[in-house]
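To keep things clear, I will list the structure first and then write my remarks on it.
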Amino acid sequence: MPLSAANAVPLDGLVSEAMVQEAARTCAHLLPYVVDRADLHGRDPLEKFHNLLMGEIAELAVIAYLTGQGKVAASAVDKQATRPDAGHDVVVRRKDGTDAKCSVKSSLSYHHGIAAIPEMFRPAFNHREPRDINIQVYYHYNLRAEPRTTVAALTHAYIIGWAPEKRLLAPDFTVYPGERRRVADLKLADLSPMAGLLPLLS
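Residue numbers (UniProt numbering): 1 to 202.
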(Lines of atoms letter the chains of each structure in order from A and count residues from 1; the text may use other names and numbers.)
(Lines give C-alpha, C1' and ligand atoms only; values in the text may rest on other atoms or scores of the structure.)
Protein backbone atom coordinates (compact mmCIF):
# COMPACT_ATOMS: atom_id res chain seq x y z
CA MET A 1 0.00 0.00 0.00
CA PRO A 2 1.56 3.34 -1.05
CA LEU A 3 2.60 5.83 1.59
CA SER A 4 0.16 8.75 1.82
CA ALA A 5 -0.13 12.14 3.50
CA ALA A 6 -1.85 10.41 6.42
CA ASN A 7 1.45 8.68 7.24
CA ALA A 8 3.43 11.94 7.41
CA VAL A 9 4.69 13.15 10.80
CA PRO A 10 4.16 16.91 11.36
CA LEU A 11 7.17 18.93 12.49
CA ASP A 12 4.85 21.26 14.38
CA GLY A 13 5.02 20.02 17.95
CA LEU A 14 8.32 18.20 17.40
CA VAL A 15 10.49 21.29 16.96
CA SER A 16 10.67 23.93 19.70
CA GLU A 17 11.74 27.55 19.48
CA ALA A 18 14.96 26.60 21.30
CA MET A 19 15.68 24.02 18.58
CA VAL A 20 15.12 26.64 15.85
CA GLN A 21 17.54 28.97 17.65
CA GLU A 22 20.08 26.15 17.91
CA ALA A 23 19.73 25.41 14.20
CA ALA A 24 20.13 29.09 13.30
CA ARG A 25 23.37 29.34 15.30
CA THR A 26 24.71 26.22 13.61
CA CYS A 27 23.84 27.56 10.16
CA ALA A 28 25.45 30.94 10.86
CA HIS A 29 28.67 29.10 11.71
CA LEU A 30 28.53 26.74 8.71
CA LEU A 31 27.48 29.24 6.02
CA PRO A 32 30.99 30.48 5.08
CA TYR A 33 32.14 26.89 4.51
CA VAL A 34 29.29 25.66 2.31
CA VAL A 35 30.33 24.95 -1.27
CA ASP A 36 27.70 24.15 -3.91
CA ARG A 37 27.99 20.72 -5.49
CA ALA A 38 28.65 20.50 -9.21
CA ASP A 39 25.20 18.96 -9.82
CA LEU A 40 23.37 21.86 -8.11
CA HIS A 41 22.81 25.40 -9.31
CA GLY A 42 24.91 28.14 -7.73
CA ARG A 43 23.17 29.54 -4.62
CA ASP A 44 23.58 32.98 -3.14
CA PRO A 45 24.27 33.30 0.62
CA LEU A 46 20.63 33.81 1.60
CA GLU A 47 19.47 30.76 -0.35
CA LYS A 48 22.28 28.72 1.19
CA PHE A 49 21.26 29.86 4.66
CA HIS A 50 17.60 28.94 4.06
CA ASN A 51 18.62 25.51 2.73
CA LEU A 52 20.96 24.96 5.67
CA LEU A 53 18.28 25.98 8.15
CA MET A 54 15.67 23.65 6.67
CA GLY A 55 18.19 20.82 6.71
CA GLU A 56 19.26 21.42 10.32
CA ILE A 57 15.67 21.60 11.52
CA ALA A 58 14.83 18.43 9.58
CA GLU A 59 17.68 16.62 11.34
CA LEU A 60 16.56 17.88 14.77
CA ALA A 61 12.97 16.88 14.02
CA VAL A 62 13.95 13.33 13.05
CA ILE A 63 16.00 12.97 16.24
CA ALA A 64 13.11 14.38 18.32
CA TYR A 65 10.64 11.99 16.69
CA LEU A 66 12.79 8.90 17.22
CA THR A 67 13.82 9.72 20.78
CA GLY A 68 10.21 10.59 21.56
CA GLN A 69 9.35 7.04 20.53
CA GLY A 70 11.95 5.67 22.92
CA LYS A 71 14.62 5.03 20.28
CA VAL A 72 18.31 5.90 20.38
CA ALA A 73 19.14 8.68 17.92
CA ALA A 74 21.86 11.33 17.95
CA SER A 75 23.42 13.77 15.50
CA ALA A 76 26.41 12.39 13.61
CA VAL A 77 27.57 15.85 12.51
CA ASP A 78 30.26 17.96 14.18
CA LYS A 79 28.44 21.30 14.23
CA GLN A 80 31.75 23.16 14.69
CA ALA A 81 33.39 21.56 11.67
CA THR A 82 34.45 23.59 8.65
CA ARG A 83 34.49 20.67 6.21
CA PRO A 84 31.64 18.64 4.70
CA ASP A 85 30.18 15.95 6.94
CA ALA A 86 30.61 12.23 6.36
CA GLY A 87 27.41 11.97 4.34
CA HIS A 88 25.00 11.01 7.10
CA ASP A 89 23.23 13.15 9.66
CA VAL A 90 22.02 10.86 12.44
CA VAL A 91 23.20 7.66 14.10
CA VAL A 92 20.51 5.25 15.27
CA ARG A 93 20.68 1.84 16.94
CA ARG A 94 19.35 -1.31 15.33
CA LYS A 95 17.53 -3.98 17.33
CA ASP A 96 20.74 -6.03 17.44
CA GLY A 97 22.56 -3.16 19.14
CA THR A 98 24.67 -2.10 16.15
CA ASP A 99 24.74 1.47 14.87
CA ALA A 100 23.12 2.47 11.59
CA LYS A 101 23.89 5.57 9.55
CA CYS A 102 20.87 7.72 8.79
CA SER A 103 20.73 10.41 6.11
CA VAL A 104 18.02 13.10 6.30
CA LYS A 105 17.03 15.14 3.26
CA SER A 106 14.78 18.19 3.28
CA SER A 107 12.95 19.60 0.27
CA LEU A 108 10.45 22.38 -0.39
CA SER A 109 7.28 22.53 -2.47
CA TYR A 110 6.19 26.03 -3.42
CA HIS A 111 3.00 24.88 -5.11
CA HIS A 112 1.71 21.55 -3.73
CA GLY A 113 0.56 20.90 -0.16
CA ILE A 114 1.03 17.77 1.89
CA ALA A 115 -1.96 15.99 0.34
CA ALA A 116 -0.23 15.96 -3.06
CA ILE A 117 3.44 15.74 -2.08
CA PRO A 118 3.81 11.91 -1.80
CA GLU A 119 2.55 11.33 -5.34
CA MET A 120 4.17 14.43 -6.88
CA PHE A 121 7.81 14.28 -5.77
CA ARG A 122 10.80 11.95 -5.64
CA PRO A 123 13.19 11.26 -2.77
CA ALA A 124 16.03 13.80 -3.02
CA PHE A 125 18.94 11.33 -2.72
CA ASN A 126 21.37 11.03 -5.61
CA HIS A 127 23.15 7.75 -6.39
CA ARG A 128 26.04 8.51 -4.00
CA GLU A 129 24.02 9.68 -0.99
CA PRO A 130 21.89 6.80 0.36
CA ARG A 131 23.00 5.34 3.70
CA ASP A 132 21.62 2.51 5.85
CA ILE A 133 18.44 4.50 6.57
CA ASN A 134 17.25 7.45 4.47
CA ILE A 135 14.55 9.86 5.63
CA GLN A 136 12.80 12.56 3.59
CA VAL A 137 11.38 15.73 5.16
CA TYR A 138 9.21 18.11 3.13
CA TYR A 139 8.25 21.75 3.68
CA HIS A 140 5.54 23.44 1.65
CA TYR A 141 4.16 26.93 1.23
CA ASN A 142 0.51 27.77 1.67
CA LEU A 143 -0.16 30.38 -1.01
CA ARG A 144 -3.92 30.11 -1.50
CA ALA A 145 -5.59 29.71 1.90
CA GLU A 146 -5.45 31.85 5.00
CA PRO A 147 -3.15 32.32 6.73
CA ARG A 148 -0.80 32.42 3.75
CA THR A 149 2.66 30.94 4.31
CA THR A 150 5.37 32.14 1.92
CA VAL A 151 8.41 30.90 3.87
CA ALA A 152 9.27 27.55 5.41
CA ALA A 153 7.15 27.03 8.53
CA LEU A 154 6.77 24.22 11.02
CA THR A 155 3.01 24.21 10.48
CA HIS A 156 3.63 23.16 6.88
CA ALA A 157 6.48 20.68 7.31
CA TYR A 158 6.46 16.89 7.63
CA ILE A 159 8.66 13.84 7.96
CA ILE A 160 7.36 11.98 4.93
CA GLY A 161 8.91 8.51 5.22
CA TRP A 162 12.04 6.41 4.95
CA ALA A 163 13.80 3.84 2.80
CA PRO A 164 16.80 1.51 3.21
CA GLU A 165 19.83 2.08 1.00
CA LYS A 166 19.09 -0.79 -1.38
CA ARG A 167 15.63 0.57 -2.14
CA LEU A 168 17.04 3.90 -3.33
CA LEU A 169 19.76 2.24 -5.40
CA ALA A 170 17.66 -0.51 -7.04
CA PRO A 171 15.59 1.50 -9.56
CA ASP A 172 16.75 3.51 -12.54
CA PHE A 173 17.82 7.09 -11.97
CA THR A 174 16.35 10.23 -13.47
CA VAL A 175 17.30 13.90 -13.49
CA TYR A 176 15.81 15.94 -10.65
CA PRO A 177 13.62 18.74 -12.11
CA GLY A 178 15.54 21.96 -12.64
CA GLU A 179 18.91 20.43 -11.68
CA ARG A 180 21.58 18.12 -13.06
CA ARG A 181 21.22 15.93 -9.98
CA ARG A 182 20.23 12.30 -10.69
CA VAL A 183 17.87 10.65 -8.23
CA ALA A 184 16.08 7.33 -7.94
CA ASP A 185 13.08 7.07 -10.24
CA LEU A 186 10.66 6.60 -7.33
CA LYS A 187 7.91 8.69 -5.82
CA LEU A 188 7.79 9.59 -2.14
CA ALA A 189 4.71 7.37 -2.05
CA ASP A 190 7.09 4.42 -2.63
CA LEU A 191 8.82 5.07 0.70
CA SER A 192 7.80 3.37 3.95
CA PRO A 193 5.98 5.21 6.77
CA MET A 194 8.08 6.28 9.74
CA ALA A 195 5.99 4.02 11.99
CA GLY A 196 7.43 1.05 10.09
CA LEU A 197 10.98 2.05 11.04
CA LEU A 198 10.37 1.97 14.77
CA PRO A 199 10.24 -1.84 15.23
CA LEU A 200 13.67 -2.10 13.55
CA LEU A 201 15.34 0.19 16.11
CA SER A 202 16.15 0.02 19.80
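Using N, Cα and C, we set each Cβ at its ideal position, and we do this for glycine too. Since we're looking at a predicted model, the values are computed, not measured.
DSSP places His140 within a strand segment (E or B) once states are collapsed to three.
With fewer than 16 other Cβ atoms inside 10 Å of its own Cβ, Arg128 counts as exposed. In the structure shown, Phe49 adopts helical secondary structure according to DSSP, grouped into three states. CA-CA distance, Gln69 to Leu46, rounds to 35 Å. Between the beta-carbon of Ser103 and that of His88 there is about 5 Å, and that keeps the pair under the 8 Å contact cut. Per DSSP, the continuous alpha helix (DSSP H) segment holding Lys166 begins and ends at 165–169.
With 16 or more other Cβ atoms from the protein chains shown falling within 10 Å of its own Cβ, Gln136 counts as buried. The C-beta of Thr98 has fewer than 16 other C-beta atoms within 10 Å across all chains shown, which makes the residue exposed. At the C-beta level, Val92 and Ala100 come within 8 Å of one another. Of all C-beta pairs linking the region 54–61 to the region 187–199, fewer than three are shorter than 8 Å, placing the two stretches out of contact. The straight-line gap separating the alpha-carbon atoms of His112 and Ala153 is approximately 14 Å.
For Ala100, the uninterrupted beta strand (DSSP E) run begins and ends at 99–109, by DSSP. Between the region 112–127 and the region 75–83 there are fewer than three C-beta pairs closer than 8 Å, too few to call the two in contact. Counting the other CB atoms within 10 Å of its CB gives Arg131 a total of 16 or more, which places it among the buried residues. For Val183, same chain residues with a beta-carbon under 7 Å away, outside a window of 5 residues either side, are Arg122, Pro123, Ala124, Phe125, Asn126, Phe173, Thr174, Tyr176 in chain order.
The continuous beta strand (DSSP E) containing Arg182 extends over residues 182–184. In the DSSP assignment, Pro10 is bridged to Tyr158. Thr149 and Met54 have their C-alpha atoms roughly 15 Å apart. In the structure shown, Arg25 adopts helical secondary structure according to DSSP, grouped into three states. Linking Val35 to Glu22 through their CA atoms gives a straight-line distance of about 22 Å. Straight through space, the alpha carbons of Leu143 and Lys71 are spaced by roughly 36 Å.
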